[in-house]
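Protein chains in written order, with the numbering used here: chain A, 69 to 394; chain B, 366 to 653.
For every residue, glycine included, the Cβ atom is placed at its ideal position computed from N, Cα and C.
To start, the structure under review is shown below, and the notes come after it.
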């Protein structure tokens, strides 16, 4: 690991100022991803600003919405009564990710900003446009079994690693951020993470020095009909090959509103909007789910080693919808 | 080096052939290394005698192994052996197994390295050093964390408990006793992490915390008893290369339920469960 200066911030404004004033500085929250990446020499900040002491840990009702603090731990978020009752989908998604130890350390803001687990991104001996822009993409023609089938570019085929974010995408969350001048802005979850395009080094639309302060989730009626399905190489503690977060609002046996987001298939949480639309105004049935899933997955463009994700994704959508509507 | 040679005979009346190299000049790096290890005067000579056979070229390679041995023998008080110069030094005060410790650490030092290399607490193990194996699991403010992904600098005012604080040979924690009873290890390298993790798991279950295996997460009732699959899921952050999982599960189950778990050697049991589940799901599929 390269040497870096370490500072503990007492106020969010101190933290944003410290990071904004040094283009090689980064925030440090739970550290579960950045410390590892620094050991691997993938992240090379010359200063870390520890934000763990900031008062951004609250989980509370805000009018009809619920706000979760950026520095609340993943474990505490998943177990909070407001989340378990209103958004069991989020609880399930968080608990499907990582291990108990990591969920105890990792924060919500950090979860949004974790980086891809593409092996070429991690291996500094291989080319990677995300790690070193302009060096090429090792995965496009390489071992791409774990990689994207939607929305990738010739510059990058990596996938977004979070489970929590897949649920947040299905829940129409809003990310609250603050910069060094105290300016606050809200970013719709769908606009927070980016597709790789020509700048895969940018995972999200945060400006340097901007800090996530909280994540707001609008109340919805999905609580009784939601499900997070994660398909992975082993039963626990592995990243998703494909995951599906679903929320349905069913009234008098008819689907009034639907949300489907997928993990493990794109550079950002992938909203399956074609499938979502197909479900509206119809009775839940196996046939409907199969049709909707097929319509969505027909758009997939698999790489050499991940063709299986198209069939798997289709079946995962059907299974998740069945679980949610049961 | 001059000092070292003076009175050398008094350390060992007969100088062995393989110790002759000691008369050669130590390089600056070697001097520094011995200083960093906190080995001075007579201890230094004894240490050099111990590593003599391997020669100085091997010294650096032996340092890690020697440190543990020396710490165990009480030859070195690692807490007093601050490296000569520390880049980006951070002062940290933490409570470790109930004892206040103040350390000056390099900002890069992980909690795991601080415990092992600076405090002589070598119970916590470095398995993968990347947060994938759980061998380094310790309790931070009562919760299980990975010490390999925790920077020591971030531990100001934290209460840290390692396997050394869970129990000792005379007063085993019930979980330690159960691990012994059920033979829940082979090589034992992952065991301190497994036990720290399992102790925290019991506490999490008592608080009613849910897992991905929990059937109804919205239910307000606290799970009284964890199923085998619940325990497996909740322990998935601790890998065991020897594959002692069935016995680890039994040990945790006994402490969790308070009842002895019978040894069963029926390997087909779980396969039957799985087959049954599939049949059940197929039946469900038809009804949707």
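Buried or exposed: which applies to residue 70 of chain A, given that a residue is buried once 16 or more other Cβ atoms fall within 10 Å of its Cβ?
By the neighbour-count rule (16 or more Cβ atoms within 10 Å), residue 70 of chain A is not buried but exposed.
Residue 107 of chain A to residue 526 of chain B, Cα distance in whole Å?
25 Å
Should the region 600–614 of chain B be regarded as contacting the region 545–552 of chain B, the criterion being three or more beta carbon pairs within less than 8 Å?
Proximity of the region 600–614 of chain B to the region 545–552 of chain B meets the contact definition, three or more beta-carbon pairs being nearer than 8 Å.
Would you say residue 206 of chain A and residue 195 of chain A are within 7 Å of each other, going by their C-beta atoms?
yes
Specify the secondary structure class of residue 524 of chain B as computed by DSSP and reduced to three states.
Collapsing the DSSP output to three states places residue 524 of chain B in a strand.
Taking 7 Å as the CB-CB limit, is residue 193 of chain A close to chain B?
The C-beta of residue 193 of chain A comes no closer than 7 Å to any C-beta of chain B.
Relative to chain A, which residues along the region 484–496 of chain B have a C-beta separation below 9 Å, given in chain order?
494, 495, 496
Alpha carbons only, please: which of A/348, A/310, A/129 is nearest the one belonging to residue 388 of chain A?
A/310
Which residue's Cα is closest to the Cα of residue 183 of chain A: A/214, A/296, A/226, A/146?
A/226
So what's residue 357 of chain A in DSSP terms, helix, strand or just coil?
In the three-state reduction of the DSSP assignment, residue 357 of chain A falls in the helix class, which pools H, G and I.
Which residues in the same chain as residue 465 of chain B place their Cβ atom closer than 7 Å to its Cβ, once the five residues preceding and following it in sequence are excluded?
Correct list, in chain order: 458.
So, under 8 Å CB-CB, residue 103 of chain A and residue 94 of chain A are touching, yes? Tell me the CB distance rounded to an integer number of Å.
Incorrect: roughly 11 Å between the Cβ atoms, too far for contact.
Report the partner residues of residue 94 of chain A according to the DSSP bridge assignment.
A/116
Residue 115 of chain A: which of A/307, A/253, A/85 sits nearest, CA to CA?
A/85
Here's the rule I'm using: 16 or more other beta-carbon atoms within 10 Å means buried, otherwise exposed. How should residue 386 of chain B be labelled?
Annotation note: pLDDT 42 at residue 386 of chain B (below 50); position unreliable, no value reported.
At least one CB of chain B closer than 7 Å to the CB of residue 173 of chain A: is that the case?
yes
Looking at the strands, I want to know which residues DSSP matches up with residue 75 of chain A.
A/117
Taking all protein chains shown into account, do 16 or more other C-beta atoms lie within 10 angstroms of the C-beta of residue 149 of chain A, making it buried, or fewer, making it exposed?
exposed
Along the chain, where does the alpha helix (DSSP H) containing residue 464 of chain B start, and where does it finish?
Not the alpha helix (DSSP H): residue 464 of chain B falls in the beta strand (DSSP E), residues 464–471.
Just verifying my parser: in three-state terms, what is the DSSP assignment at residue 80 of chain A?
helix
With DSSP run on the structure shown, which of helix, strand or coil describes residue 483 of chain B?
helix
Between the C-alpha atoms of residue 332 of chain A and residue 539 of chain B, what's the straight-line distance to the nearest angstrom?
41 Å
Would you grab the beta carbon distance between residue 449 of chain B and residue 470 of chain B for me? Rounded to a whole angstrom, and I think it's under 8 Å.
Actually they are not in contact, since the Cβ atoms of residue 449 of chain B and residue 470 of chain B sit about 14 Å apart, beyond 8 Å.
Beta-carbon of residue 72 of chain A versus every beta-carbon of chain B: anything under 7 Å?
So, interface residue.
Give the straight-line distance between the Cα atoms of residue 481 of chain B and residue 461 of chain B, rounded to the nearest whole angstrom.
12 Å
Mark residue 348 of chain A as exposed unless 16 or more other C-beta atoms lie within 10 angstroms of its C-beta, in which case mark it buried.
exposed
Using a Cβ cut-off of 7 Å, which residues of the region 120–132 of chain A contact any Cβ in chain B, in chain order?
Answer in chain order: 120.
Which complete alpha helix (DSSP H) runs does the region 251–325 of chain A hold, if anything under 4 residues is left out?
257–260
From residue 224 of chain A to residue 378 of chain A, what distance separates their C-alpha atoms?
Cα to Cα, residue 224 of chain A sits roughly 19 Å from residue 378 of chain A.
For residue 601 of chain B and residue 169 of chain A, what's the separation of their Cα atoms in angstroms?
Looking at the two C-alpha atoms, the distance is approximately 10 Å.
Could you work out which residues of chain A lie near residue 510 of chain B, taking near to mean beta carbons separated by less than 7 Å?
169, 172, 173
Count the other C-beta atoms from every protein chain shown that fall within 10 angstroms of the C-beta of residue 159 of chain A, then say buried if there are 16 or more, exposed otherwise.
Label assigned to residue 159 of chain A: buried.
Go to residue 502 of chain B, then tell me how far its beta strand (DSSP E) extends in each direction, as first and last residue.
502–505
Please confirm whether any heavy atom of the ligand NAD lies closer than 6 Å to the CB of residue 248 of chain A.
Absent from the structure shown: the ligand NAD. Ligands present: none.
According to DSSP, residue 221 of chain A sits in a beta bridge with which residue or residues?
A/224
For residue 177 of chain A, does the three-state DSSP call read helix, strand or coil?
helix
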